[in-house]
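Reminder that position 111 of the sequence shown reads as 123 in the numbering used here, one-by-one numbering, no gaps. Note that CB positions come from ideal geometry on N, CA and C, so glycine has one too. Everything numeric in this text was worked out from a predicted model, so none of it was measured.
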Amino acid sequence: MKKNIFTIPIIGILLMIFMSGLTWAGEVDVLIKKLVEKGILSGQEATQLLLKTQNEKEREKAVVKEIAKEAAQEETKNSMVEIPKWVEKINLKGDLRFRYQNEDKDDDGAPSRDRWRVRARLGAVVDVTERWEAGFGLATGGDDPRSTNETLDDTFESPDVRLDYAYLKYSPFKSVVLFGGKFKNPLWKTKDLLWDGDIRTDGIAAKLNFKTGPAEIFFTPAYFILDEYKADRDDPYMLAFQGGTKLEFMDNMYFKVAATYYYFGAVRGNDFSEHGSGTNSVDSSGNLTQDYDSIAFDAEYGINLGGPVPCIALFGQYVSSDADEDETGYLAGLKFGHKKVKKFGQWQVKYNYRDIERDAWPDFLPDSDFYGGATDAKGNEIELVFGLAKYVTLGVDYYFNVEPLNDNTDREQDLLQADLVVKW
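This is how it looks when you write it as structure tokens:
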């Protein structure tokens, strides 16, 4: 009976200790041990007390952690600035290119030329609604539509920045896209025999795509503005109508082909020398003497191999204008490696040979790196691209044995470009 008299108040004291949340659990353990030694508590009673104390401590710790977690979350929530929903609709994109360029002309009076050049492009694409899109971009370079390069010269002079593109796009149906403004050329091309890759076309266009079995059918009509004159002259323009198909067969092969008809309005009799290369036929006043209405074909046949050489493809281009002579041009090429180089270890090699006669095409549109963007020229090009990291590439582009078609002076040119490119 005496034992029970002492036991009851001592147990009450211990319960008050662990319920009070004090942190001296070590002293409680020692006290319980002493009570067992003096015979006041049995071993079983001591074990039950210790377990109960331990469970209560763990429960209290869990409660404290949960309260602290909720408080931290509330503090973070209160400190965060809510991002407007319209910001989430904006997608930024761009790239930066650092280039070394060497030009070597087979002319005693023209020494080899070395240039260091940069290109920077930054743009935003806004998903206005499910069907509407707006795009806006800036790029380095001057007013040359075929170049966004900025040559490093003139004692650290700050480079120019210009409008690269600004367009609106509307998709009334999944297979139909309409757009207008200044935008990337919507026509499918295997290479740059006719169109320089930096050109942003002005006007309106549509793209229609349909899938039927193994075939994809596409059609692209476009109206491009070439210039705007005063009321006393007609404004020159271009109409383009492209139709094509892509076939996939035998699980690893594809064939894509397109035909494009070009109609040029008010081009004959006008001067385009400001951005031209000076190789088209002109009259005594410098005005073009041809209409340049043309039919062009693009084709590519590829095999997906997998393994160390993932893909190999043959591609080509052909154009024929309505000029009386010197009216055709063609390009034939081979490429192998990865279809696109986006990460470390991926690679691609391309080779092509081209031949474009004087009046096969307007000389203000072709690739500006091939003989200065001129027509009436032929030559070779080889490209190598290797992925250094995700969206970081190192590339070499070499134009060699490039020369005029109708010039007996043998003015051969070579052009070497080494590019380090970062995209985002």
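For Ile307, the three-state secondary structure derived from DSSP is strand.
Asp204 has its alpha-carbon roughly 19 Å from the corresponding atom of Gly314.
Under the DSSP assignment, Met250 falls in the beta strand (DSSP E) whose first and last residues are Tyr249 to Phe261. When rounded, the separation of the alpha-carbon atoms in Lys196 and Trp359 is 25 Å.
Taking a contact as a CB-CB distance under 8 Å, the pair Asn418 and Asp388 counts as one, their CB atoms being some 6 Å apart. Gly106 carries a strand assignment under DSSP once its states are collapsed to helix, strand and coil. DSSP places Tyr383 in the helix class (H, G or I) of the three-state scheme.
Contact between Ile102 and Val138 is confirmed by a C-beta separation of about 5 Å, below the 8 Å threshold.
Between the alpha carbons of Tyr266 and Tyr273 lies a distance of about 24 Å.
One Cα belongs to Gly281, the other to Leu206, and the distance between them is close to 21 Å. Checking the DSSP bridge columns, you'll see Asn114 partnered with Asp126 and Leu428. Rounded to whole angstroms, the gap between the alpha carbons of Val279 and Asp208 is 19 Å. Looking at the DSSP output, Arg366 sits in a beta bridge with Leu343 and Gly391.
By the Cβ rule, the segment 361–378 counts as touching the segment 330–341, because three or more pairs are nearer than 8 Å. By the 16-neighbour rule on beta-carbons within 10 angstroms, Gln425 is buried.
Of all C-beta pairs linking the segment 298–316 to the segment 255–266, three or more are shorter than 8 Å, placing the two stretches in contact.
The distance from the Cβ of Gly391 to that of Val414 is about 3 Å, consistent with a contact at the 8 Å cut-off. Cβ atoms of Pro322 and His287 stay farther apart than 8 Å, at about 39 Å. In this structure the segment 187–202 lies against the segment 294–312, because at least three pairs of beta carbons, one per stretch, are closer than 8 Å. Counting of Cβ neighbours within 10 angstroms places Gly149 among the buried residues, the total reaching 16 or more. If you draw a straight line from the Cα of Gln113 to the Cα of Thr291, it is about 24 Å long. Secondary structure remark: continuous beta strand (DSSP E) runs of at least 3 residues inside the segment 176–242, in chain order: 188–196, 212–224 and 227–237. By the beta-carbon neighbour count (other beta carbons within 10 angstroms, threshold 16), Asn364 is buried. Here the alpha carbon of Thr167 sits roughly 14 Å from the alpha carbon of Arg127. Excluding five sequence positions before and after Ala401, the CB atoms of its chain that fall closer than 6 Å to its own CB belong to Phe356, given in chain order. Going by DSSP, Ser332 is part of the beta strand (DSSP E) stretching over Cys323 to Ser333. In terms of CA proximity to Phe191, Ala146 leads the group Glu169, Leu175 and Ala146.
Between Arg129 and Ala151, the gap from beta carbon to beta carbon reaches 7 Å or more. In the three-state scheme derived from DSSP, where H, G and I count as helix and E and B as strand, Gly55 is classed as helix. Assigned with DSSP and collapsed to three states, Ile79 falls in helix.
Assigned with DSSP and collapsed to three states, Asp41 falls in helix. Collapsing the DSSP output to three states places Leu62 in a helix.
Comparing C-alpha distances from Arg158 to each of Pro171, Pro378, Thr340 and Lys258 shows the shortest one belongs to Pro378.
With respect to Phe327, Gly341 sits apart: the two C-beta atoms are not nearer than 7 Å. Under DSSP, Glu162 shares a beta bridge with Val130.
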